[in-house]
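**Q**
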Amino acid sequence: MKKYILYLILMSLSYIGFAQNLTPPQVEGYISASTIKVNFPFNVKGIPFTKIPKSVWYPTSVIIADLQMNYYMEGSNSMQINTVRKHVIPDSKTGAWEITGLSIEPLPNSIPKTRVDQNRTTYMLSIYQIHTGQKSAMWYANIQPNYVQVHKIPDQKMKPKVVPIIDKVILNPQPIPPKEIKK
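The numbering used here numbers the first residue of the sequence shown as 35 and each following residue consecutively.
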């Protein structure tokens, strides 16, 4: 009976220890559900976990950032989705982390002479912590890119190149011997 009670106490203590939820990552200068204006590619710097009160994180945790693009092509009513995922391991002492080079482009399309309909395009960044299969809540933000207008490029048709015919130039002319006159 004593072994059974001791077993229950140990199980409850270990369950309490694992019941803590991982702290969602925080991004410097922004709160979750905000809108961020950026130029692609951009970097995201996180607040170190040691500076977040009562944070739960592990030195072997992984911080994952998902950048998602929902878009329509001109003249099409079907939504397309592209996602880019980057990950980083936080500093083992302070829990500091930074994800660099976040950028996304539409998938190659099969519709010629079209481009992305910018009025119906949305970007979202989600960041979360994962450790041994356990995920934290997500920090997310809507991304609003600073656009540089890019005009669509027409299809290039490859044709043979016509070269005008020019008389051949003799680069190293040899003297022509005089004709012998037969007598």
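A virtual CB, placed ideally from N, CA and C, is assigned to each residue, including glycine. This structure is a prediction, so every number in the text was calculated from the model and none was measured.
Less than 7 Å between the C-beta atoms of T84 and T128, yes or no?
**A** Yes.
**Q** Compute the Euclidean distance between the alpha carbons of S110 and A99, then round it to the nearest angstrom.
**A** Roughly 29 Å between the two C-alpha positions.
**Q** Have a look at I164, K193, S68, T148 and flag the residue whose alpha-carbon is nearest the alpha-carbon of K120.
**A** Measuring from the Cα of K120, the nearest candidate turns out to be I164.
**Q** Between I177 and M158, how many whole angstroms is the CB-CB distance? I'm expecting something under 8 Å.
**A** So it is a contact: roughly 7 Å between Cβ atoms.
**Q** From V96, K216, I133, Y105, pick the residue whose C-alpha is nearest to that of T155; which is it?
**A** Checked all of V96, K216, I133, Y105; the closest Cα to T155 is Y105.
**Q** Is I39 buried or exposed, if buried means 16 or more other CB atoms sit within 10 Å of its CB?
**A** Result: exposed.
**Q** Which same chain residues end up closer than 6 Å to W131 when comparing Cβ atoms and leaving out the 5 residues on each side of it in sequence?
**A** The answer, listed in chain order, is G80, I97, V122, P124.
**Q** Kindly list the residues whose CB is nearer than 7 Å to the CB of Q168, restricted to its own chain and excluding five residues on each side of it in sequence; keep chain order.
**A** So the qualifying residues of the chain are L56.
**Q** With a threshold of 16 other CB atoms inside 10 Å of the CB of L101, please say whether the residue is buried or exposed.
**A** Buried is the call here.
**Q** Hey, out of E108, K71, L205, whose CA is closest to N153's CA?
**A** When only C-alpha atoms are compared, the closest one is E108.
**Q** So which of Q60, P198, N77, W173 has the shortest CA-CA distance to S160?
**A** Closest by alpha carbon: W173.
**Q** In this structure, does DSSP put N77 in helix, strand or coil?
**A** DSSP places N77 in strand when its eight states are reduced to three.
**Q** Around the C-beta of P59, are 16 or more other C-beta atoms found within 10 angstroms, so that it is buried, or is it exposed?
**A** Buried is the call here.
**Q** Does the distance from the CB of S170 to the CB of F74 come in under 7 Å?
**A** The answer is no: Cβ separation not under 7 Å.
**Q** Beta-carbon within less than 7 Å of Y49's beta-carbon, same chain only, minus the 5 sequence neighbours each way: which residues are those?
**A** Here Y49 scores only 49 on pLDDT, less than 50, and its place in the model should not be relied on; the value that follows carries that caveat. Nothing meets the Cβ criterion.
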